[in-house]
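Okay, structure first, notes after.
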């Protein structure tokens, strides 16, 4: 009987001991080091589903603490706040912001993200974006939130193969890159609109072709995807169109390309006898760098307008073969200080040590053209004497300090007379009634209709526009 009492009397002692042990265990220490940061399952929560009715989709984001100590997140919040189309559920709590959230060492938490919008609402932006902001030990980290805003064709880091034709039924929106893969052809029909998200670009690979088939009434348009008024004339909204080394037979008819970093970048030709790019009746304007950059290639152009850009409107680099007829260049760039002349010609390239490698400028011919801007000299010839450097300006109006008396390079040119553009602030490079470019063209060097389809006969004006009374 005594042994039973002794055995049961030990139970309270064991319980007391366990309470003492657990009560004395130290709490996990919070790591307050500024170097301790969060990790995430992704840097962008992307909603790539296009809804035909009001849509509501939920995605999951994991937040990791990969550090050896517990972290206290001072705040988690939607940058757009309660007005955002996105909503959050943070570790079980629906809220647009929350404070003082702990994550144990080597642990994680869930955030569920939801978006609600109607892609058939044409007042929506093409791409809707926001971000989740995390403040931990003074470090501000963010995860982007991106959703399609309108019903459109969307492409994210997409490669096109075979023969592909795009129609104008809905806009085409590019996020990341769109690549016309080796041996493929992309044909873009009249009236099609292409919108590019920040830093997005179109690339045409080796042995591939881009065929843009706009017309006077329905040009093909390339621009950034921000449609609000602030972005209407803001350069640098997307990257550009790259016709890569060995692309072939590219054609651009009646396109408007604007507000990027580059317009058209044209790389080396397989065969200089065949144009890598033929471009007609096209406007390229408001680029951070060049409207057209061509490298050791072959370009043919009629009735094109190259508007304001931060570097050369037209850069013909490392030789090649070029012909531009009825070209208008007007460079009155105002977004920063421009120091580069608007037309650049070169017959060499350099390596990283500065060593020059010549390549012939077989020809760079300009007929019935206007090359003007707000610098004193808008022509720059960067050449080496060890190879060919052929160029000729026939019936052109130019702003330059070059010696234009050599008939081998200049024929019937007008120098340093303002062309009388209608409104350079609004990118309107038509000529006015008293323009010195009126009637100074030559039929032999010209094209019978201007960029707007107006007949030039009997008197050819210089540039892409034939004068038309307002």
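Residue numbers (the numbering used here): 611 to 1080.
Where a beta carbon is used, it is the ideal one built from N, C-alpha and C, also for glycine.
These numbers come from a predicted model, not from an experiment.
Alpha carbon of residue 1039 to alpha carbon of residue 900, nearest angstrom: As a first step, residue 1039 is located in the chain shown; it is residue number 429 there, counting from the start. As a first step, residue 900 is located in the chain shown; it is residue number 290 there, counting from the start. In a straight line, the C-alpha of residue 1039 is about 18 Å away from that of residue 900.
Own chain residues within Cβ distance below 6 Å of residue 685, not counting five before or after: Against the chain shown, residue 685 aligns to sequence position 75. The beta carbon of residue 685 lies closer than 6 Å to those of 709, 745 in the same chain, with the five residues before and after it left out.
Residues that DSSP places opposite residue 981 in a beta bridge: Here the question's residue 981 lines up with position 371 in the chain shown. The partner list for residue 981 (beta bridge, DSSP) reads 939, 1008.
Residue 782 beta carbon less than 8 Å from that of residue 763: The residue given as residue 763 occupies position 153 in the chain shown. The residue given as residue 782 occupies position 172 in the chain shown. Their beta carbons are under 8 Å apart, which means residue 763 touches residue 782 by this criterion.
Exposure label - residue 867; buried when at least 16 CB within 10 Å: To locate residue 867, count along the chain shown from 1; it is residue 257. Buried.
Three-state secondary structure assigned by DSSP to residue 895: The residue labelled residue 895 in the question sits at position 285 within the chain shown. Residue state, collapsed to three classes: strand.
Test item: CB-CB of residue 882 and residue 815 under 8 Å: Here residue 882 refers to the residue found at position 272 of the chain shown. Here residue 815 refers to the residue found at position 205 of the chain shown. 8 Å or more divides the Cβ of residue 882 from the Cβ of residue 815.
At least three beta-carbon pairs within less than 8 Å, the stretch 843–852 to the stretch 883–894: The answer is no - the stretch 883–894 does not touch the stretch 843–852, with fewer than three Cβ pairs under 8 Å.
For residue 701 and residue 826, the rounded distance between their alpha carbons: Residue mapping note: residue 826 aligns to position 216 of the chain shown, counting from 1. Residue mapping note: residue 701 aligns to position 91 of the chain shown, counting from 1. Straight-line Cα distance between these residues: approximately 56 Å.
Continuous beta strand (DSSP E) stretch holding residue 887: start and end: Residue mapping note: residue 887 aligns to position 277 of the chain shown, counting from 1. It spans 887–890 - the beta strand (DSSP E) in which residue 887 sits, taken as one unbroken run.
Secondary structure of residue 841, DSSP reduced to three states: As a first step, residue 841 is located in the chain shown; it is residue number 231 there, counting from the start. It is helical.
Same chain only: Cβ atoms within 7 Å of residue 1059, ignoring 5 sequence neighbours per side: Indexing the chain shown from 1 puts residue 1059 at position 449. Around residue 1059: 1065, 1066.
Test item: CB-CB of residue 690 and residue 740 under 8 Å: Counted from its first residue, the chain shown places residue 690 at position 80. Counted from its first residue, the chain shown places residue 740 at position 130. Their beta carbons are under 8 Å apart, which means residue 690 touches residue 740 by this criterion.
Span of the beta strand (DSSP E) around residue 834: For the purposes of this step, residue 834 is identified with residue 224 of the chain shown, where counting begins at 1. Unbroken beta strand (DSSP E) run through residue 834: 830–834.
Beta carbon of residue 1004 nearer than 8 Å to that of residue 977: Stepping through the chain shown from its first residue, residue 1004 is reached at position 394. Stepping through the chain shown from its first residue, residue 977 is reached at position 367. Contact: yes.
Residue 980 versus residue 761 - alpha carbon distance: Numbered from its first residue, the chain shown carries residue 980 at position 370. Numbered from its first residue, the chain shown carries residue 761 at position 151. Residue 980 and residue 761: Cα-Cα distance of roughly 42 Å.
Straight-line gap, residue 840 to residue 965 (C-alpha atoms, nearest Å): Sequence index remark: in the chain shown, residue 840 carries index 230 (1-based). Sequence index remark: in the chain shown, residue 965 carries index 355 (1-based). Those two C-alpha atoms are separated by around 44 Å.
Straight-line Cα distance separating residue 953 from residue 922: The residue you call residue 922 lines up with position 312 of the chain shown. The residue you call residue 953 lines up with position 343 of the chain shown. Cα to Cα, residue 922 sits roughly 6 Å from residue 953.
Reduced DSSP category for residue 694 - H, G, I as helix; E, B as strand; rest coil: As a first step, residue 694 is located in the chain shown; it is residue number 84 there, counting from the start. DSSP, read as helix, strand or coil, puts residue 694 in coil.
Chain-order list of residues whose beta-carbon lies under 6 Å from that of residue 719 (same chain, five-residue window excluded): Position 109 of the chain shown, counted from the start, is the residue given in the question as residue 719. If we look at residue 719 and ignore the five residues flanking it on each side, its Cβ neighbours are 673, 701, 713.
Straight-line Cα distance separating residue 970 from residue 896: To locate residue 896, count along the chain shown from 1; it is residue 286. To locate residue 970, count along the chain shown from 1; it is residue 360. Taking the straight line joining both Cα atoms gives about 30 Å.
Check whether residue 890 and residue 862 have beta carbons under 8 Å apart: Taking the chain shown and counting its residues from 1, one reaches residue 890 at position 280. Taking the chain shown and counting its residues from 1, one reaches residue 862 at position 252. Yes.
Local conformation of residue 860 per DSSP, three classes: As a first step, residue 860 is located in the chain shown; it is residue number 250 there, counting from the start. When secondary structure is reduced to three states using DSSP, residue 860 falls in the strand class.
Whole-angstrom distance between residue 999 and residue 860, CA atom to CA atom: For this step, residue 860 is matched to residue 250 along the chain shown. For this step, residue 999 is matched to residue 389 along the chain shown. Straight-line Cα distance between these residues: approximately 25 Å.
Residue 848 - partner residues in DSSP beta bridges: Locating residue 848 in the chain shown gives position 238, where the first residue counts as 1. Beta-bridge pairing links residue 848 to 870.
Span separating the alpha-carbon of residue 670 from that of residue 677: On the chain shown, position 60 is the one that residue 670 refers to. On the chain shown, position 67 is the one that residue 677 refers to. Rounded to whole angstroms, residue 670 to residue 677 spans 22 Å at the Cα level.
Nearest-angstrom Cα separation, counted from residue 1024 out to residue 1057: Counting from one through the chain shown, the residue named residue 1057 turns up at place 447. Counting from one through the chain shown, the residue named residue 1024 turns up at place 414. Cα to Cα, the separation comes out at about 19 Å.
N-terminal and C-terminal residue of the beta strand (DSSP E) that residue 739 is part of: As a working mapping, residue 739 is identified with position 129 in the chain shown. Residue 739: member of the beta strand (DSSP E) spanning 737–746, first to last residue.
Start-end ranges of the beta strand (DSSP E) lying completely within the stretch 909–970, minimum 3 residues: Every unbroken stretch of the beta strand (DSSP E) spanning 3 or more residues and falling wholly within the stretch 909–970 is given here in chain order: 924–935, 938–941, 953–956, 958–960, 966–968.
CB contact flag (residue 758, residue 658, <8 Å): Numbered from its first residue, the chain shown carries residue 758 at position 148. Numbered from its first residue, the chain shown carries residue 658 at position 48. The answer is yes: Cβ separation under 8 Å.
For residue 957 and residue 929, believed in contact at Cβ under 8 Å, the rounded distance: Translated into the one-based positions of the chain shown, residue 929 becomes position 319. Translated into the one-based positions of the chain shown, residue 957 becomes position 347. Sure, about 5 Å apart at Cβ, within 8 Å.
Residue 699 vs residue 721 beta-carbon contact at 8 Å: Taking the first residue of the chain shown as 1, we reach residue 699 at position 89. Taking the first residue of the chain shown as 1, we reach residue 721 at position 111. Cβ distance < 8 Å, so residue 699 and residue 721 count as in contact.
Beta-carbon gap between residue 1072 and residue 1050 smaller than 8 Å: Residue 1072 sits at position 462 when you count from the first residue of the chain shown. Residue 1050 sits at position 440 when you count from the first residue of the chain shown. Going by C-beta atoms, residue 1072 is nearer than 8 Å to residue 1050.
Proximity below 8 Å, CB of residue 987 to CB of residue 1010: Stepping through the chain shown from its first residue, residue 987 is reached at position 377. Stepping through the chain shown from its first residue, residue 1010 is reached at position 400. A Cβ-Cβ contact shorter than 8 Å links residue 987 with residue 1010.
Residue span of the beta strand (DSSP E) that contains residue 797, given as start and end: By one-based count along the chain shown, residue 797 stands at place 187. For residue 797, the enclosing beta strand (DSSP E) begins and ends at 795–799.
CB of residue 924 within 8 Å of CB of residue 939, strictly: The count along the chain shown starts at 1 and reaches residue 924 at position 314. The count along the chain shown starts at 1 and reaches residue 939 at position 329. Yes, Cβ-Cβ distance for residue 924 and residue 939 is below 8 Å.
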